[in-house]
Structures are given as structure tokens and as C-alpha cells.
Amino acid sequence: MLLVAVAAVRLSSRSGLPSLLIYLGIGIAMGQDGIGNIAFDNAELTQVIGYAALVVILAEGGLGTKWKQMGPALPAAAMLSLAGVAVSVGVTAAGAHYLVGLEWRQALLIGAVVSSTDAAAVFSVLRKVPLPSRITGVLEAESGFNDAPVVILVVALSAAEPVHAWYVLVGEIALELAIGAAIGLAVGFLGAYGLRHVALPASGLYPIAVMAIAVSAYAAGAMAHGSGFLAVYLAAVVLGNAKLPHWPATRGFADGLGWIAQIGMFVLLGLLVTPHELAGDFWPAVVIGLVLTMVARPLSVFASLLPFGLPWQEKALMSWAGLRGAVPIILATIPLVTGIEGSDRVFNIVFVLVVVYTLVQGPTLPWVARKLNIGAGDETAADLGIESAPLEKLRGHLLSFSIPAASRMHGVEVSELRLPPGASVTLVVRDSESFVPLPSTVLRRGDELLVVATDPVRDAAEARLRAVARGGKLAGWLGTGNGTGHGAGRRAGHGHRPGHGSGHGGHGSGQGARRGAGLRRRHRPGG
Numbered sequence: 001m002l003l004v005a006v007a008a009v010r011l012s013s014r015s016g017l018p019s020l021l022i023y024l025g026i027g028i029a030m031g032q033d034g035i036g037n038i039a040f041d042n043a044e045l046t047q048v049i050g051y052a053a054l055v056v057i058l059a060e061g062g063l064g065t066k067w068k069q070m071g072p073a074l075p076a077a078a079m080l081s082l083a084g085v086a087v088s089v090g091v092t093a094a095g096a097h098y099l100v101g102l103e104w105r106q107a108l109l110i111g112a113v114v115s116s117t118d119a120a121a122v123f124s125v126l127r128k129v130p131l132p133s134r135i136t137g138v139l140e141a142e143s144g145f146n147d148a149p150v151v152i153l154v155v156a157l158s159a160a161e162p163v164h165a166w167y168v169l170v171g172e173i174a175l176e177l178a179i180g181a182a183i184g185l186a187v188g189f190l191g192a193y194g195l196r197h198v199a200l201p202a203s204g205l206y207p208i209a210v211m212a213i214a215v216s217a218y219a220a221g222a223m224a225h226g227s228g229f230l231a232v233y234l235a236a237v238v239l240g241n242a243k244l245p246h247w248p249a250t251r252g253f254a255d256g257l258g259w260i261a262q263i264g265m266f267v268l269l270g271l272l273v274t275p276h277e278l279a280g281d282f283w284p285a286v287v288i289g290l291v292l293t294m295v296a297r298p299l300s301v302f303a304s305l306l307p308f309g310l311p312w313q314e315k316a317l318m319s320w321a322g323l324r325g326a327v328p329i330i331l332a333t334i335p336l337v338t339g340i341e342g343s344d345r346v347f348n349i350v351f352v353l354v355v356v357y358t359l360v361q362g363p364t365l366p367w368v369a370r371k372l373n374i375g376a377g378d379e380t381a382a383d384l385g386i387e388s389a390p391l392e393k394l395r396g397h398l399l400s401f402s403i404p405a406a407s408r409m410h411g412v413e414v415s416e417l418r419l420p421p422g423a424s425v426t427l428v429v430r431d432s433e434s435f436v437p438l439p440s441t442v443l444r445r446g447d448e449l450l451v452v453a454t455d456p457v458r459d460a461a462e463a464r465l466r467a468v469a470r471g472g473k474l475a476g477w478l479g480t481g482n483g484t485g486h487g488a489g490r491r492a493g494h495g496h497r498p499g500h501g502s503g504h505g506g507h508g509s510g511q512g513a514r515r516g517a518g519l520r521r522r523h524r525p526g527g
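All residue numbers for the sequence shown refer to this note's numbering, where the first residue is 1 and numbers rise by one.
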């Protein structure tokens with residue numbers, strides 16, 4: 001199953017279809033009415049495994065979320081996750097009641113279940129579509145945030161006792177979100193601090209520790225009667241932006257776990273459904289999906305984002321990019337487990353709705369972006385994937401990275417990096433050959449660099465490297481150094497002009513580097 005699913009990723013990348021549809025198809029083919037003829041109807045087990053998989057997917061998505069994109073998007077994402085969800089639930093429920101004839105409780109359940117955008121679908125699709133970082137940040141943050149209020153709402157609507165008054169429900173949602181956010185941030189910061197100050201004996205332990213910390217945030221949030229989903233997402237965001245040791249290995253490990261979680265979750269959901277029972281609910285699902293896609297989602301987006309003054313084109317694209325996936329189907333198992341009347345029909349309608357509209361929205365998202373003249377363009381250069389290994393006894397760090405093809409570090413001399421005192425480029429690997437660079441060594445795309453930095457300047461050195469990768473040798477003057485460029489250059493060069501020796505050439509490259517710097521000053525006055 002795993003091999004078929006992995007091969008299916010190649011098919012989905014070529015066709016533009018979200019891979020979740022192929023995984024669902026594998027589960028349906030293995031289940032009843034399929035070639036496997038496996039009888040599986042355990043909704044409770046599906047819900048438990050689905051929750052576990054969703055925790056891993058949210059953790060993986062949070063680890064890959066850049067704070068520089070998410071930070072400015074937080075207010076808009078919060079509005080979409082709260083006010084937007086409320087509008088979407090109300091409009092979709094009204095359509096399900098008046099157009100399809102469902103009872104109000106079933107209609108509200110469907111409205112709540114399908115109002116949550118799916119983190120797995122959003123992360124996988126948006127990272128293949130070149131959209132501006134502002135749009136991507138809002139959509140990714142929304143998919144990470146809106147699971148929490150929707151889960152609370154669905155559980156309340158699925159309870160055997162009568163639902164509380166709306167204001168009591170709103171208060172419970174606000175309290176659980178606050179608890180989850182506080183715990184997630186606290187666990188994330190504490191975990192990042194611990195990982196950065198404790199040198200583990202093997203690099204392979206860091207990815208395990210990062211994922212364990214993220215999952216612990218979910219457990220702590222749930223045990224404190226808060227939103228565990230919000231806690232795990234925020235903890236992962238903090239960890240993902242904390243410059244942890246061996247970060248590329250951690251991202252690869254989390255990415256692999258995320259794929260396994262998606263495959264297992266979608267295949268299990270495909271096993272749970274009985275295809276011949278879906279025919280009677282196909283057209284009701286299409287009608288409710290039309291209301292959701294063409295009315296409820298656009299209305300919720302335009303109303304929620306009204307205070308932010310975004311162009312209508314961006315709002316229209318966000319309306320179309322509200323992708324559904326496994327989360328609504330998993331949430332539809334909650335009324336199944338509690339035994340609410342009509343829960344089988346709710347599950348079937350949600351399943352058909354997700355499949356049909358994911359099939360429509362996912363592949364057409366790039367086309368819609370082009371028609372609205374929205375694209376990422378060249379707004380960001382390729383960033384550096386810097387890996388850090390702590391040297392605990394030496395009170396230092398080894399920073400290693402490769403220069404991407406699109407990086408503006410290409411053509412920059414080592415001395416022009418203007419690293420702070422205490423940081424030095426000690427080795428360059430070029431065309432499978434390694435050498436110790438001189439200050440006049442010109443860096444090229446594809447070079448692999450090893451930088452040694454002491455503890456106090458580790459962050460400044462990494463920030464400077466990223467700034468040069470984005471802005472070139474003039475990064476500090478171009479404003480792309482986050483305050484580390486120009487000032488760091490003056491400090492590193494001890495007040496000299498760029499090129500007149502730097503903290504790098506003078507401090508970190510040894511006696512040969514100092515002689516090289518002296519030759520540079522004699523033969524190239526003024527740098």
C-alpha cells in the first residue's frame with residue numbers, strides 16, 4: 001500500500017490532483033465493493049487514528065511555516081478562523097436545510113464540519129503554486145487555526161444533551177483557544193531552548209525530539225481542556241523558526257511522517273465508506289457544496305477580511321483556495337461515534353462533497369491565480385537551508401549550507417560576507433573538492449560552505465548569511481539584513497569600508513587568511 005501510495009504522488013504531481021484523492025481511491029478499492037473486499041466499519045478507531053494523523057500533519061505544517069510570512073497574516077487568519085467560520089456555518093446550514101431538506105441539527109453539523117479548511121490539502125497544494133507570501137501565509141495559518149473552533153462546535157452539536165446557548169458556546173471556544181495557544185507557545189519556546197542548549201549524542205535524535213515536543217503540546221493542551229490542535233500547530237511554528245541544530249534532517253523526518261500520516265488517514269477513510277451507499281446522497285452533496293463554494297466561503301472571506309483592505313482579487317483567490325480534505329471527513333465521524341440520528345447521511349454527504357470539490361478546486365487553483373493576475377514573481381530569492389550542529393564543549397556551532405542557484409550570494413567574495421567577529425568560513429566544497437578559502441575567494445552557486453561561529457554570534461552570523469543570500473554583497477544597505485547587515489559590517493570591519501578586511505578575514509581564517517587580507521589591502525586599495 002505504501003509503495004503504491006508513494007508512486008501515486010508522482011501521478012498527482014503531474015496531473016495537479018491532490019494526492020488525498022488517490023489515497024482515498026486506494027482505500028475504496030481495498031474496501032467493500034472493491035477488489036480487496038475488506039469489511040471495515042469502525043468509526044471510533046477511524047476517529048482516533050484520524051486525530052493522531054492530524055496532529056502529525058499539523059506539526060509538519062507548522063514546522064514548515066515561516067514566521068516572516070505567518071506574523072503579518074495572523075490577524076487576517078484569526079478573523080477567518082472565527083468570524084469566517086461562523087458565517088460559513090450559518091450560510092451552509094441554511095442551504096442544507098432549505099435546499100436539501102435536512103433537519104436543522106444535521107444541517108448545522110454539515111455546515112460546521114465542512115467549514116474547516118484542511119491543513120494537509122492546503123500545505124500540499126499551496127507549496128506547489130507560486131503565490132505571494134501574504135496570501136500563502138493567511139491560508140496556511142487559517143488551515144492551522146480553524147480546526148480548533150470547528151472541532152469544539154462539532155462536538156457540541158454531536159452531544160446527547162441539548163446544545164448550550166450560543167453565547168456560552170462562544171465563551172467555551174474562546175477559552176479553549178486561549179488555553180491551547182498559551183500552552184502551545186510555552187511548550188514550543190521551552191522545547192526550542194532545551195534543544196539549542198543540550199547537545200544530543202546523535203544527530204538522528206533531534207528530529208525525534210522535535211516531533212515529540214510538538215505532540216506533547218497537543219497532549220498538554222487537551223489535558224488542560226484547551227485546544228490541542230492549536231497547541232501543536234503553534235508549538236511547531238515556534239520550533240520551526242528557532243534555528244535548531246540539524247534542521248534539514250528534522251524537516252525531512254517530519255515531512256516523511258506527514259506523508260505516512262496522510263496516506264494512512266486517507267486510506268482508512270476510504271475503507272470506512274461504503275460506495276454503493278453514496279449514490280443517494282450524491283446530488284444533495286453537490287448542492288450543499290455549491291452553496292459552500294460559491295456563496296458561504298466567498299461571503300465569509302470578504303466579510304472577515306473587510307477591515308484589512310485587501311484587493312478583491314486576493315479575496316477571490318482565497319475564496320477559491322479554501323480546500324477541504326481529510327479534516328471534514330474525520331469530523332464527520334464524531335456524530336457517527338455518538339450515534340446522532342442521521343449521522344450516516346451526514347458522513348456520506350461530507351465524503352462526496354470533499355471528493356467532488358477537491359477534484360474541482362485543487363487542479364484549477366493555478367488557473368484561477370493566473371486569471372486574477374496573482375503570482376509570486378521574484379519577490380523572494382531562494383533562501384539558504386542552513387544546518388547547525390552545536391559544539392557544546394567548544395561553546396560554538398558549525399553552520400553548513402549550499403548556495404542555491406537563485407541565491408545572490410553567487411559572485412560575492414568571502415570578505416564581502418562581513419560576518420561578525422567570532423564567525424569564519426573555514427571550508428568550501430566546490431566540484432567535489434574542498435579547500436580553505438581566502439578573503440578574496442569568490443563564492444559560486446552550488447558551493448557548500450562550512451562556517452564556525454561562537455555561541456554569542458551564532459544568530460547574527462546566520463542572519464547575515466541569509467541577508468547576503470537575498471540581497472547580495474550590499475544586503476545591509478538594501479535593507480534586507482534585518483538590521484544585521486550594515487551594522488554588522490561596520491563591527492566586523494572595525495569601522496573600515498567594505499573590503500578593507502572584515503571580521504571574517506581578520507579573525508576567522510587563520511594566518512594565511514590574514515596574509516591574504518593584507519595582500520588585498522595593498523593591491524586593491526578601497527576594496
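Note that the Cβ used here is the ideal one computed from N, Cα and C, for glycine as well.
- Bridge partners of ILE38 according to DSSP: GLY31.
- Boundaries of the beta strand (DSSP E) around VAL425: 423–430.
- For VAL452, the enclosing beta strand (DSSP E) starts and ends at 448–454.
- With contacts defined as CB atoms closer than 8 Å, ARG444 and HIS397 fail to qualify as a contacting pair.
- In this structure, DSSP gives SER434 an extended state, which the three-state scheme calls strand.
- Burial check for GLY188: the Cβ neighbour count within 10 Å reaches 16 or more, so the residue is buried.
- Around the beta carbon of TYR357, 16 or more other beta carbons lie within 10 angstroms, which makes this residue buried.
- LEU268 sits away from ILE22, with the two beta carbons spaced by 8 Å or more.
- The alpha carbon of SER203 has as its nearest neighbour, out of LEU244, SER143 and PRO298, the alpha carbon of LEU244.
- Per DSSP, the beta bridge partners of PHE401 are LEU449.
- When C-alpha distances from VAL337 are compared across VAL4, SER158 and ALA220, the shortest belongs to SER158.
- In this structure, the straight-line span from the alpha carbon of ALA86 to that of HIS225 is close to 22 Å.
- Annotated as proximal: ARG324 and VAL354, with beta-carbon spacing under 8 Å.
- One Cα belongs to SER133, the other to THR333, and the distance between them is close to 34 Å.
- Cβ contact annotation for VAL113 (same chain, cutoff 7 Å, sequence separation greater than five): VAL154, PRO328, LEU331, ALA332 and VAL350, in chain order.
- 8 Å or more divides the Cβ of LEU317 from the Cβ of LEU359.
- The continuous alpha helix (DSSP H) containing LYS68 extends over residues 67–79.
- Following the DSSP letters along the chain, one finds THR358 inside the alpha helix (DSSP H) bounded by residues 343–371.
- Cβ contact annotation for ILE173 (same chain, cutoff 6 Å, sequence separation greater than five): PRO149 and ILE152, in chain order.
- Note that the C-beta distance between GLY322 and THR92 is not below 8 Å.
- The alpha-carbon of LEU54 is positioned some 7 Å away from that of ALA261.
- Its Cα nearest to that of THR293, the residue GLY111 stands out among PHE308, GLY111 and ALA231.
- Excluding five sequence positions before and after PRO298, the CB atoms of its chain that fall closer than 6 Å to its own CB belong to SER319, given in chain order.
- In the structure shown, VAL442 falls within a strand segment according to DSSP collapsed to helix, strand and coil.
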